[in-house]
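Reviewing the structure listed below.
2 protein chains.
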Amino acid sequence: MCMLKFITSNEHKYLEVSVAFEKVGLPLSWYRKKYEEIQADDNAVICRDSCIKLGKDIEQPFFIDDTGLYIEQLNGFPGPYASYVQDTIGNTGIIKLASGSNAYFKTVISLMQDNKVQQFTGILKGTIADKENNGNKFGYDPIFIPDGYDLALSQLSPAEKNLISHRGKAINNLINFLILNNIR
Amino acid sequence: MCMLKFITSNEHKYLEVSVAFEKVGLPLSWYRKKYEEIQADDNAVICRDSCIKLGKDIEQPFFIDDTGLYIEQLNGFPGPYASYVQDTIGNTGIIKLASGSNAYFKTVISLMQDNKVQQFTGILKGTIADKENNGNKFGYDPIFIPDGYDLALSQLSPAEKNLISHRGKAINNLINFLILNNIR
Chain A
1 MCMLKFITSN EHKYLEVSVA FEKVGLPLSW YRKKYEEIQA DDNAVICRDS CIKLGKDIEQ
61 PFFIDDTGLY IEQLNGFPGP YASYVQDTIG NTGIIKLASG SNAYFKTVIS LMQDNKVQQF
121 TGILKGTIAD KENNGNKFGY DPIFIPDGYD LALSQLSPAE KNLISHRGKA INNLINFLIL
181 NNIR
Chain B
185 MCMLKFITSN EHKYLEVSVA FEKVGLPLSW YRKKYEEIQA DDNAVICRDS CIKLGKDIEQ
245 PFFIDDTGLY IEQLNGFPGP YASYVQDTIG NTGIIKLASG SNAYFKTVIS LMQDNKVQQF
305 TGILKGTIAD KENNGNKFGY DPIFIPDGYD LALSQLSPAE KNLISHRGKA INNLINFLIL
365 NNIR
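Quick note, the sequences are listed as chains A and B, same order. End of the first sequence sits at 184 in our numbering; the numbers just go up one at a time, nothing left out. End of the second sequence sits at 368 in our numbering; the numbers just go up one at a time, nothing left out.
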């Protein structure tokens, strides 16, 4: 079987994920590629669809990931469009709309292997802040206060963030599955 | 050649468009179908993509349409996601974010004929209101003041709205093309 590939156009994502793989001695290659995504309310639906379409052309096994932000008071907005919304109305827009609301991040990883899709999820619950906080200015991190914390996600150390983060949890779920099924 | 079809899952859209066709003596059939759309910043890109994909399976000629709302102050948000955003943050959310901003609606019609896509566009410019106005409560109409008017789109008569509306203009552009090229 070929080496497992992570398909993403984002180098930083590959680096983050490959560090987690390295820790447990699993090899991982990077296939840099942008791909189309369909519109749907749930990023799990979008991620599965992209995975199936990529599986028609690309050597298996591989996986992709996708993260959404779901804000309770806004009926789930921005959901799978988190990155489009970040680029348009930004954190100031989200504060105006939903300061104090419950929210959660959801990362979904879709693994394609033997023409079958397996999905792994990581969720991080929290609250939308009333201002932009300092620290690592990545995406929504400055306005997201994880449950059980007084600080925004942007103010945690990278190690602490990885431990509790939606993406960290999804990656761990994937890695546990790979180890359990002896896939490498 | 087969009769021209309008592919949409929305009965009201078909009725509106078929009235315009009837006026000029052009026949139009309805193919009720929901189809997937890709994510992109411009609804013209999305509409062309859907048209090409539908053209692989569906007897030609046919057309589809898609409408976006582009708000200047929000970097084009909600753009092609106008209907998702209407269902989540709604008109009250848009007023909070962009009251007083310039904005425009853009309807795109993609016609597939002889395996070629032709696109027809209609644009309506205006301003985001500071409150929801009365009248026909359709979508963003209660908060959209067309340029040159003191009333929201929701407060115009259906005939007046069709005359100036983005969809009305796109339909007229399509009909003129069909007549000029003797397509029916």
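Note that the Cβ used here is the ideal one computed from N, Cα and C, for glycine as well. Since this is a predicted model, take the numbers as computed values, not measurements.
Any beta carbon from chain A within less than 9 angstroms of residue i's own beta carbon?
{"i": "B:D271", "result": "yes"}
{"i": "B:L281", "result": "yes"}
{"i": "B:F246", "result": "no"}
{"i": "B:N259", "result": "yes"}
{"i": "B:G263", "result": "yes"}
{"i": "B:Y333", "result": "no"}
Taking only beta-carbon positions, decide if residue i is within less than 9 angstroms of chain B.
{"i": "A:E132", "result": "no"}
{"i": "A:P27", "result": "no"}
{"i": "A:Y140", "result": "no"}
{"i": "A:I128", "result": "no"}
{"i": "A:D49", "result": "yes"}
{"i": "A:G93", "result": "yes"}
{"i": "A:Y14", "result": "no"}
Within 10 angstroms of its Cβ, does residue i collect 16 or more other Cβ (buried), or is it exposed?
{"i": "B:L258", "result": "buried"}
{"i": "B:D249", "result": "buried"}
{"i": "A:V19", "result": "exposed"}
{"i": "A:F138", "result": "exposed"}
{"i": "A:D114", "result": "exposed"}
{"i": "B:A282", "result": "buried"}
{"i": "A:H166", "result": "buried"}
{"i": "B:I367", "result": "exposed"}
{"i": "B:A343", "result": "exposed"}
{"i": "B:K290", "result": "buried"}
{"i": "B:K207", "result": "exposed"}
{"i": "A:G148", "result": "exposed"}
{"i": "A:C2", "result": "exposed"}
Identify every residue that forms a DSSP beta bridge with residue i.
{"i": "A:N102", "result": "A:T127"}
{"i": "A:G122", "result": "A:T107"}
{"i": "A:R48", "result": "Beta-bridge pairing links A:R48 to no other residue."}
{"i": "B:K345", "result": "DSSP, once it has assigned bridges, lists no residue as partnering B:K345."}
{"i": "A:T67", "result": "A:T107"}
{"i": "A:Y31", "result": "A:I7"}
{"i": "A:I145", "result": "A:T127"}
{"i": "A:V200", "result": "The question about residue 200 of chain A has no answer here: the residues shown for chain A are numbered 1 through 184."}
{"i": "B:F246", "result": "B:K189 and B:M296"}
{"i": "A:G79", "result": "A:L69"}
{"i": "A:I38", "result": "B:I222"}
Hey, is residue i's beta-carbon within less than 9 angstroms of any beta-carbon in chain C?
{"i": "A:Y104", "result": "No chain C is part of this structure, whose protein chains are labelled A and B."}
Notebook entry, point to check: Can you list, in chain order, the residues of the segment 18-46 of chain A whose Cβ is nearer than 7 angstroms to any Cβ on chain B?
Noted result: E36, E37, I38 and Q39
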